[in-house]
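Trainee:
Numbering (the numbering used here), first residue to last: 753 to 944.
1. Mind checking residue 754: buried by the 16 CB within 10 Å criterion, or exposed?
2. Need the endpoints of the alpha helix (DSSP H) that residue 897 sits in, please.
3. Entirely within the stretch 857-891 and at least 4 residues each: give me those alpha helix (DSSP H) ranges in chain order.
4. Are the CB atoms of residue 858 and residue 789 nearer to each other than 9 Å?
5. Taking the straight line between their C-alpha atoms, what separation do you get for residue 862 and residue 800?
6. Three or more beta-carbon pairs under 8 Å between the stretch 903-920 and the stretch 827-834, yes or no?
7. Between residue 778 and the rest of its own chain, which residues show a CB-CB distance below 6 Å, the 5 nearest in sequence each way excluded?
8. Tell me which residues share the same chain as residue 944 and place their Cβ nearer than 6 Å to its Cβ, disregarding the 5 neighbours each side in the sequence.
9. For residue 866 and residue 780, I'd like the C-alpha separation in whole angstroms.
10. According to DSSP, is residue 938 helix, strand or coil?
11. How many angstroms separate the CA atom of residue 912 from the CA atom of residue 882?
12. Can you check DSSP and say which residues form a bridge with residue 842?
13. Taking residue 787 as part of the alpha helix (DSSP H), name the residues at either end of that continuous run.
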């Protein structure tokens with residue numbers, strides 16, 4: 753596979769891609785029980801948009817000068833028919849981005865566990881991309897940076913989850929949905 757064929761391994765719109773991550777975090781921030789966690793989701797959601805820009809730039813650089821022969825031989829034909837060489841969000845397998853690939857539940861604990869899992873899936877995807885592009889530094893180097901940021905995001909979400917759990921009823925923080933139920937009413941009435 754030539755250098756330009758590597759556009760297919762990038763995952764801007766895939767199930768673990770940058771669009772879903774940014775929309776997930778920017779949507780979830782509204783129901784976080786404290787300003788610190790809401791700000792964290794806002795910051796990471798915004799950063800994920802910059803990651804989308806990086807991945808999209810790589811895709812553009814790999815596809816902008818393709819010849820018709822390269823398009824036909826690389827399997828880029830179906831994409832080209834629909835989008836020419838425009839950058840359009842899809843998974844590496846060709847599945848278009850779908851908002852059903854992420855969740856915003858309104859329960860801070862549930863949402864932060866979703867975020868932790870999302871960051872691990874993105875890291876795994878970047879690991880897979882790096883195995884494919886390991887000998888192409890102009891692709892591998894920015895992907896290594898993005899992978900490192902996924903690890904940092906995972907750590908920050910873990911800290912946020914711990915912070916929220918510490919603010920709740922330590923005996924049973926699953927007794928209610930913190931973003932919706934009144935904790936005293938939910939835990940006090942259920943024990944009678």
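Here a beta-carbon is modelled for each residue, glycine too, at the ideal position from N, C-alpha and C. Computed from a prediction, not measured in an experiment: that's the story for all the values here.
Mentor: Quick look at the numbers:
1. Taking the chain shown and counting its residues from 1, the one referred to as residue 754 is at position 2. At residue 754, the pLDDT of 49 sits below 50, so the modelled position is not reliable; the number obtained from the coordinates is stated separately. Within a 10 Å sphere around the beta-carbon of residue 754 sit fewer than 16 other beta-carbons, which makes this residue exposed.
2. Taking the first residue of the chain shown as position 1, residue 897 is located at position 145. Note, residue 897: alpha helix (DSSP H), 889-919.
3. Within the stretch 857-891, the complete alpha helix (DSSP H) runs of at least 4 residues are 860-885.
4. The residue given as residue 858 occupies position 106 in the chain shown. The residue given as residue 789 occupies position 37 in the chain shown. Their beta carbons are not under 9 Å apart, which means residue 858 does not touch residue 789 by this criterion.
5. Numbered from 1 along the chain shown, position 110 holds the residue referred to as residue 862. Numbered from 1 along the chain shown, position 48 holds the residue referred to as residue 800. Looking at the two C-alpha atoms, the distance is approximately 20 Å.
6. Taking 8 Å as the limit for Cβ pairs, the verdict is that the stretch 827-834 does not touch the stretch 903-920.
7. Sequence index remark: in the chain shown, residue 778 carries index 26 (1-based). Cβ within range, chain order: 797.
8. Sequence index remark: in the chain shown, residue 944 carries index 192 (1-based). Because the pLDDT of residue 944 is 46, which lies under 50, any placement of that residue in the model is unreliable, and the number read from its coordinates should be weighed accordingly. Taking C-beta separations shorter than 6 Å and ignoring five residues to either side along the sequence, residue 944 has no partners in its chain.
9. Looking up residue 866 in the chain shown gives position 114. Looking up residue 780 in the chain shown gives position 28. Residue 866 and residue 780 have their C-alpha atoms some 10 Å from each other.
10. In the chain shown, residue 938 corresponds to position 186, counting from 1. With a pLDDT of 48 at residue 938, under the threshold of 50, the modelled position of that residue is not reliable, and the figure given next carries that caveat. In this structure, residue 938 counts as helix in the three-state DSSP scheme.
11. As a working note, residue 912 is residue 160 in the chain shown. As a working note, residue 882 is residue 130 in the chain shown. Distance between the alpha carbons of residue 912 and residue 882: 29 Å.
12. For the purposes of this step, residue 842 is taken as residue 90 along the chain shown, with counting starting at 1. In the DSSP output, where bridge partners are listed per residue, residue 842 has 848.
13. If you number the chain shown from 1, residue 787 lands on position 35. Start and end: 787-815.
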